[in-house]
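Taken in sequence, the protein lines are chains A and B. Using my numbering, the letters of the first sequence correspond one by one to residues 24 to 379. Using my numbering, the letters of the second sequence correspond one by one to residues 626 to 736. Just so it is clear, CB atoms sit at the ideal spot from N, CA and C, and this is done for glycine as well. Here the structure is a predicted model, which means the values were calculated and not measured. The block underneath contains the structure these notes are about, expressed in structure tokens.
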Amino acid sequence: MSYDLLKFVAGVQLGTVPTGSDAAFPEWTGPNSIVVRVQTILYCSLAASLLAAFIAMLGKQWLNRYAQVEMRGSVIDRSRHRQRKMNGMVTWHFDFVMECLPFMLRAALLLGYALSDYLFSINRVVASIIIGFTSFGLLFYFLIVSATTPSYNCPFQTPVSLILRFLIRFDNEHKRYLKRTKKWFRNIFSRKKRKQTRPKYGVSGLGRFGKFDGSNIGDHIELLMAGSDQPSPLFDKETDWQGYVLDSNCIAWMFEMSMDSAVTMAIMRFIPEVVWHAGINITPLERLYDTVLECFDRSSGRPAVIPKLRNKAYLSGKALLHLAIQRKCIGDEFDKAMVQVDLQPTPHHGIQALRG
Amino acid sequence: MGSKHYEGDSDLEATLGITDRVFGDSEPMFWQNFSFSVPHHAWMGHILLYRAWDVLRKGEPLPDDIKEFVLHSLRLEPPPPALIVADCLLIIGLVLGIKLHIDDLLVVDKR
Numbered sequence: 024m025s026y027d028l029l030k031f032v033a034g035v036q037l038g039t040v041p042t043g044s045d046a047a048f049p050e051w052t053g054p055n056s057i058v059v060r061v062q063t064i065l066y067c068s069l070a071a072s073l074l075a076a077f078i079a080m081l082g083k084q085w086l087n088r089y090a091q092v093e094m095r096g097s098v099i100d101r102s103r104h105r106q107r108k109m110n111g112m113v114t115w116h117f118d119f120v121m122e123c124l125p126f127m128l129r130a131a132l133l134l135g136y137a138l139s140d141y142l143f144s145i146n147r148v149v150a151s152i153i154i155g156f157t158s159f160g161l162l163f164y165f166l167i168v169s170a171t172t173p174s175y176n177c178p179f180q181t182p183v184s185l186i187l188r189f190l191i192r193f194d195n196e197h198k199r200y201l202k203r204t205k206k207w208f209r210n211i212f213s214r215k216k217r218k219q220t221r222p223k224y225g226v227s228g229l230g231r232f233g234k235f236d237g238s239n240i241g242d243h244i245e246l247l248m249a250g251s252d253q254p255s256p257l258f259d260k261e262t263d264w265q266g267y268v269l270d271s272n273c274i275a276w277m278f279e280m281s282m283d284s285a286v287t288m289a290i291m292r293f294i295p296e297v298v299w300h301a302g303i304n305i306t307p308l309e310r311l312y313d314t315v316l317e318c319f320d321r322s323s324g325r326p327a328v329i330p331k332l333r334n335k336a337y338l339s340g341k342a343l344l345h346l347a348i349q350r351k352c353i354g355d356e357f358d359k360a361m362v363q364v365d366l367q368p369t370p371h372h373g374i375q376a377l378r379g
Numbered sequence: 626m627g628s629k630h631y632e633g634d635s636d637l638e639a640t641l642g643i644t645d646r647v648f649g650d651s652e653p654m655f656w657q658n659f660s661f662s663v664p665h666h667a668w669m670g671h672i673l674l675y676r677a678w679d680v681l682r683k684g685e686p687l688p689d690d691i692k693e694f695v696l697h698s699l700r701l702e703p704p705p706p707a708l709i710v711a712d713c714l715l716i717i718g719l720v721l722g723i724k725l726h727i728d729d730l731l732v733v734d735k736r
């Protein structure tokens, strides 16, 4: 075919008009359109399967790295290392990435569609079997998604149902949030426009920036760093805020996960050894408060500690007091310190919450 | 919670007593009735220093329970371990108007 085509092109170039059989443009002698379509879908299916296998292998490597136990350093260093790895898993949405694997494998089910399409042109009886199985699979998947989208407790969750649930929620709360953000951006831009339309010199009314002298205002405002209005430390000891955050997250996680009473007691004994502050979002404060209350007998009017629970009352009370006081005191200071260590502070949830 | 006596368990009683005060109760604490273990005494001094720092930076007067704790600790015979004395002296320094950096509070052993 390529030879005929070359001959035809060369003839046209030389000005000799091809005649007879030579004049006919060569016809397409490749596979028909059905085969091309089916092949395309099959290759897509194959690519999705290979990609899923590739990511699965990578996932295995990632999990191996996560499961690796650090053999060097002290127990604290190793615990912090482990906590750091766990924080990374949460921050980088490891679970979501892993859930994409079955999603890709689902794309590999295009194989069923391709086979049905191909076999339909060859033998309809054989094709009907394939179509039946494929339709059953699709129907099953559709039913699962419809069941799990409204019900979070349904055990057959799929990434599609999670996305659908997110989109449904998007309609209510997130739209309001987007509206606020849009308004904020509009305000920013309209302010910029106002600045541009102002006369160049001698304009006042810029609030805390004072009188505008015509010089360029920078795009950023420098934040006040911690310690600008504070005395210098008496003790020559560097404060490891990031270490404190890791330690406290680790303890809070263990306290949340553990149901064993001996482990809980050990954790409560350890809580006063850790620095807690308002920037630590998840704290066992409420559970500690409940634990303290559990140790009291209120049947005789005035609460009294149940004798056999004295040790538990002491440990839980000490842990509660330590955590509550430190979070209350270090709240504001932590916010300033976070500017230095570049972490995100979170709103203060202190003793007030417990009082309520 | 803390106003009840738990014979032979001053650590528990003092902890519950301070918990009451942190959560709003204003009954006086009679520190002379307590006989702490040394680790508990050290921890109590450490935590009360935090409380004193927080109260004084807000311009409020030092609570009586902290004042009495400092006096009680410094009057003890034999004197308590140096780290407890250091915490008490820092509380006195705060009352006198010496400003402390937050990092100083985090140091457990201030000797």
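### Query
Under the rule that 16 or more other beta-carbon atoms within 10 Å means buried, what is Trp-115(A), buried or exposed?
exposed
### Task
In the DSSP assignment, find the unbroken alpha helix (DSSP H) run with Asp-729(B) in it and report its ends.
727 to 731
### Message
Does the region 131 to 144 of chain A come into contact with the region 179 to 193 of chain A, if we say contact requires no fewer than three beta-carbon pairs (one atom in each stretch) closer than 8 angstroms?
### Response
The region 131 to 144 of chain A vs the region 179 to 193 of chain A: no contact.
### Message
Are the CB atoms of Leu-344(A) and Thr-306(A) within a distance shorter than 9 angstroms?
### Response
no
### Task
Report buried or exposed for Met-282(A), applying the criterion of at least 16 other Cβ atoms within 10 angstroms of its Cβ.
exposed
### Query
According to the neighbour-count rule (16 or more other Cβ atoms, all chains shown, within 10 Å of its Cβ), is Ala-336(A) buried or exposed?
Under a 10 Å Cβ-count criterion, Ala-336(A) is classified as buried, with 16 or more other Cβ atoms of the shown protein chains found around its own Cβ.
### Task
State the Cα-Cα distance for the pair Val-120(A) and Ile-167(A), rounded to the nearest angstrom.
21 angstroms
#### Entry: Straight-line gap, Asp-729(B) to Ile-348(A) (C-alpha atoms, nearest Å)
16 angstroms
### Query
Is the region 100 to 119 of chain A close to the region 266 to 276 of chain A, with three or more CB pairs under 8 angstroms?
Pairwise C-beta distances place the region 100 to 119 of chain A in contact with the region 266 to 276 of chain A, as three or more of them are shorter than 8 angstroms.
### Message
Which residue marks the beginning of the alpha helix (DSSP H) containing Ala-71(A), and which one marks its end?
### Response
56 to 90
### Task
Could you round the C-beta distance between Gly-670(B) and Cys-713(B) to whole angstroms and report it? I think they count as a contact, below 8 angstroms.
6 angstroms
### Task
Helix, strand or coil for Lys-30(A), going by three-state DSSP, please let me know.
helix
### Query
Considering only C-alpha positions, which residue in the set Val-695(B), Gly-718(B), Asp-679(B), Gly-649(B) is nearest to Phe-655(B)?
Nearest C-alpha to Phe-655(B): Val-695(B).
### Query
Which partner residues does Val-328(A) have in the DSSP bridge list?
Answer is Phe-319(A).
### Query
Can you tell me where the alpha helix (DSSP H) with Glu-279(A) in it begins and where it stops?
264 to 280
### Task
Leaving aside the five residues before and after Ser-662(B) along the sequence, list all residues of the same chain whose C-beta is less than 7 angstroms from its C-beta, in chain order.
Asp-636
### Task
For the region 294 to 325 of chain A, enumerate the residues whose C-beta is nearer than 8 angstroms to any C-beta of chain B, in chain order.
Pro-295, Val-298, Val-315, Phe-319, Arg-325
### Task
Report the neighbours of Leu-637(B) on chain A: residues whose CB is nearer than 8 angstroms to its CB, in chain order.
Val-328, Arg-333, Ala-336, Tyr-337, Gly-340
### Message
Just to confirm my understanding: we take Gly-82(A), look at its own chain, exclude 5 residues before and 5 after, and list those with CB closer than 8 angstroms. What are they?
### Response
Val-120, Met-121, Leu-124
#### Entry: Within 9 angstroms, strictly: CB atoms of Val-720(B) and Leu-681(B)
yes
### Task
Leaving aside the five residues before and after Ile-294(A) along the sequence, list all residues of the same chain whose C-beta is less than 7 angstroms from its C-beta, in chain order.
Take Ile-294(A), set aside five residues on each side of it, and the residues of its chain with a beta-carbon closer than 7 angstroms to its own are Ile-274, Ala-342, His-345, Leu-346, in chain order.
### Message
So Trp-656(B) contacts chain A; which residues on that side make the cut at Cβ distance below 9 angstroms?
### Response
Result: empty, since nearest Cβ-Cβ is about 16 angstroms, beyond 9 angstroms.
### Query
For Val-315(A), is the classification buried or exposed, using 16 other Cβ atoms within 10 angstroms of its Cβ as the cut-off for buried?
buried
### Message
With distance defined between alpha-carbon atoms, name the residue in Thr-640(B), Ala-677(B), Phe-659(B), Pro-653(B) nearest to Gly-722(B).
### Response
Ala-677(B)
### Query
Along chain B, which residues have their Cβ under 8 angstroms away from the Cβ of Ala-347(A)?
Per Cβ cutoff of 8 angstroms: Val-647.
### At least 3 beta-carbon pairs within less than 8 angstroms: the region 94 to 108 of chain A vs the region 141 to 156 of chain A
no
### Query
How many Å lie between His-697(B) and Ala-639(B) at the Cα?
13 angstroms
### Task
Consider the Cβ of Lys-83(A): report whether some Cβ of chain B lies at a distance smaller than 9 angstroms.
no
### Task
Starting from the beta carbon of Arg-676(B), find every residue of chain A whose beta carbon is closer than 8 angstroms, and list them in chain order.
Close partners of Arg-676(B) in chain A (Cβ separation under 8 angstroms): Ile-348, Cys-352.
### Message
Check for me: the alpha helix (DSSP H) holding Asn-110(A) runs from which residue to which?
### Response
98 to 114
### Task
Tell me, to the nearest whole angstrom, how far the beta carbon of Tyr-267(A) is from that of Val-286(A); I am working on the premise that it is less than 8 angstroms.
Between Val-286(A) and Tyr-267(A) the Cβ distance is about 22 angstroms, and since that is not below 8 angstroms, they are no contact.
### Query
What is the residue span of the alpha helix (DSSP H) that Trp-668(B) lies within?
663 to 682
### N-terminal and C-terminal residue of the alpha helix (DSSP H) that Cys-713(B) is part of
707 to 721
### Query
Along chain B, in chain order, which residues have C-beta atoms closer than 9 angstroms to that of Leu-269(A)?
Within 9 angstroms Cβ-Cβ: nothing; Leu-269(A) doesn't reach chain B, min ~15 angstroms.
### Message
Quick check on Leu-701(B): does DSSP put it in helix, strand or coil?
### Response
In the three-state scheme derived from DSSP, where H, G and I count as helix and E and B as strand, Leu-701(B) is classed as coil.
### Query
In this structure, does DSSP put Arg-95(A) in helix, strand or coil?
coil
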